[in-house]
Structures are given as C-alpha cells and as structure tokens.
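>
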Amino acid sequence: MNNYYNPVRTVQGPGCLKCLPQILQDMKLTHGRVLILGWDTKVFEYDVFSQLHSSNQSFHIQKAVFQESNPTVKHLFKIYKETKDFFPEAVVAIGGGSIMDVGKSLCCLYGKEISSEQALREFIQNKEIGSPKTKWVGIPTTSGTGSEVTCWATIWDPEKEAKRSIENPENYAYAALVDPEMTEGMPLKLAVSSALDAVAHGVESYWAKGTNAVSKALALQAVNRIMSNMEALLSGKAEGRDAMAQGSMMAGLAFSNTKTTACHSISYPLTMHYKIPHGAAVSMLLAPVFQMNASGTDGMPELLKALGVKDGEDLKERISSFLIRSGQPASLKGWGVKEEELPGLAELGMTKGRADNNPVEITAETINIILKSIY
Ligand SMILES: [Fe+2]
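In this note's numbering, the protein residues as written are -4 to 370.
1) Measure the CB-CB distance between I74 and L115 and report whether it falls below 8 Å.
2) For the 8 Å Cβ check, are there 3 or more pairs between the stretch 184 to 200 and the stretch 219 to 239?
3) Would P283 and D237 be called neighbours here (beta carbons separated by less than 8 Å)?
4) G180 by DSSP, collapsed to three states: which one?
5) Taking C-alpha atoms, which residue in Y(-1), T149, N353 and S316 lies nearest to D293?
6) Is there a Cβ of chain B sitting closer than 8 Å to that of H48, yes or no?
7) Grouping DSSP H, G and I as helix and E and B as strand, with all else coil, what is G133?
8) Looking at the strands, I want to know which residues DSSP matches up with H55.
9) Given 7 Å as the limit, tell me if A170 has its C-beta closer than that to any heavy atom belonging to ligand 1.
10) Could you say which of T346, D21 and A240 lies nearest to T136 if we only look at CA atoms?
11) Check whether the Cβ atoms of T256 and A203 lie closer than 8 Å to each other.
12) Roughly how many angstroms separate the alpha carbons of A168 and E335, rounded to a whole number?
13) When the Cα atoms are used, what is the spatial distance from A275 to L19?
14) Going by Cα to Cα distance, which pick from V173, D21, Q323 and I319 is closest to E84?
15) Pick out the complete beta strand (DSSP E) segments inside the stretch 237 to 309, 3 residues or longer, and give them in chain order.
16) When you measure from the CB of A195 to every non-hydrogen atom of ligand 1, does any distance come out below 7 Å?
17) Using a Cβ-Cβ cut-off of 7 Å (strictly less than) and excluding sequence neighbours within five positions of V304, which residues of its own chain qualify?
18) Judging by CA-CA distance, which residue of L32, S49, W147 and P272 is the nearest neighbour of S64?
19) Figure out for me which residue from Y201, V209, S111 and H268 has the closest Cα to the Cα of W151.
20) What do you reckon, are the CB atoms on G197 and A249 nearer than 8 Å?
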C-alpha cells in the first residue's frame, strides 16, 4: 500500500536563508524565544540574524555552538543543560547532520526534568518521547544527511557500544531552508562523502521493504541529480553544489518514509569502531549490497539509469573513483580496519530496523562476505 507523509515546509535555492525571519514569524511563537544552534560562531555573523532584531516580531535570541560530530548522549546532555533554562520555543539548527540531530533531539527534551546523563539515556531508550514543546527549523550546511526533513535523530552511546535513535513523528521540522550557498567552503572530502550518503539514502529508500510510490519517484530524481553532477562537485563548480543541495533534500524526503536498509545497517559499527565517516562507510557498501539486492528490487533498470551505471561493478568503480579523487580510501583496509575483526563487525552490522528493512534477507554470514569484498 502506498502511504507517504512529510509535513516539512521546504524552501530551497541559492540565497533562501533570507526567508528565515518570515518563517520564524509564521511560527507565531508566543514569547519569541529562539535558540540558534550553530556548528561554529561564524554562522552567527550572517546578516539574516541581525535582521531578526528589526523584524515585526521581537525575538529573544540565545546562541549556542555545538561542534561535535557523531553526537553522544554525553554531548546532548551537556547542551541540554546549557540551554534548558532559556526554554526556547523554536530551535534553528544550522550545520551538518550532527547539528540537525542535536537540534531536533533538544526539542523533545525541553520541559522535561532530566537530571543526569543516565536519566537522558533511559529517556531515549524508553522511546516514550511525548509531544515536543519546541519546534525547529533546519538549515543544513552540508548536502547529504537529509536530516532536515526526517523525524529521527541518531545519538551515539559509545560507553554502552550502542547507536540510539530519538524518533518522533511529531518532531518533523517546521521548515527546512536548503540553501546551497551555505555549503560553500565545505571541504571536498566531506562534500563527496555527504553526497554519496545521499545517494545511499535514495537507493535504499527505493528498494526498502516499506517503500512507496512517492518515495521511489523522489529517490530516482535524487539519485540522478547527484550522480550526474558529481563531476561538477569534484571540480568545485557552483552548479555541483546546487545539485547536491537539491538532491540530498529529495533523498531525505524519500527515505523519511522508508528508512534505510543494509548499507546503513552494516555501516554503523564501522563508524563507531573505526571512525570511518558515515558517508564513506555507507558508500563503500552500496555496490556490494546493490549486487545482493538486484534480484529482490522492482524497477532495477530505472535505478541503474538514475545512477548512470551499467551494473554493480560499474557502480563500485564510480564510487571508488569519487572517494579516491576526493582524498579518501575506498577500502576497509585503507581506513585501518583489521582483517581479523571482519567477523565481529559483521555480527554488529545487523542493526534492528535497518537490516530487517532490506529487500533481501541478510545474515552475519552474508555481511561478512560483503565486508571481505570491500576489504
Ligand atoms: Fe546516511
């Protein structure tokens, strides 16, 4: 059955950041308390923030910086403690996927008494998040995670060797401002790995067990937009950035309703234990999982066409080339993974809600074969 829902107002295009004051006014905040959560103090220098003071509504602004990548329960608790007394009615999250994840998580925490890191861990594990008291606006400065249009957040818990998720269908962003000018200056490695993460979001949404016609259509558009503009991205052209901003948002809209599958499932222990950046880990897995899923996916010819490749081998070559040309390894060995640890990583790669969302059944044994193929 085709069932698709996504309430996020998306504003996309070069310069669309200037719409922020209007969006905040449209939110009709009672007291106008807004937390600007930035990945760096330099984001506060954008003109748009000084315009907030001269807009029709008076806003009370608090600024906070969050610079951790792969945010943990400890990091989230720290920023919650720093900002909870302000109790913002809106959080404006400006940054990459980690900032989005922290910004949307905070919305679920304000108004609740969470006294310690352990209490926060239990709150997340409990899964009874309740209606958020705070709304949020996502402004991505990378193109890839799609987190500005999904309702879940990844929070890592290295002390318990776990990846946790704060998930709440009531916690979609009020709006996402996807402005490619915000991604200017992104290091090439990050630009490429983020773009390939978005390709994986699109592809995995397309073949996910719970896919639907809207997600599939968005996924094809997203994948085609990104893959056909990778050369422009690698050569630093503005049109490459524009395509990535649009493509990653569309991939986000696609997988917001389907979740991801085997590539993401298998990638999490690689990121947790070897610090392989998320996009690089996921994209190395894309081709072998593609070959495994080919028989279980409806519409493979359309997907191959959108990817612009002949087959799985061709896909592997293209992705490896993008990673290597942006200065990052395209094999597990290159990232420092020890061969004898592959079976253990394969066991950990069976992530609940992702592995079982793959169109073809996967086991630790099949994951081990996949990991060997990219070693
Ligand atoms: Fe991802």
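The beta-carbon is built from N, C-alpha and C at its ideal position, and this holds for glycine as well.
If we stick to the structure as given:
1) no
2) yes
3) no
4) coil
5) N353
6) Absence of chain B from the displayed structure is noted, only one protein chain being present.
7) strand
8) R28
9) no
10) A240
11) yes
12) 43 Å
13) 35 Å
14) D21
15) none
16) yes
17) L310 and R313
18) P272
19) H268
20) yes
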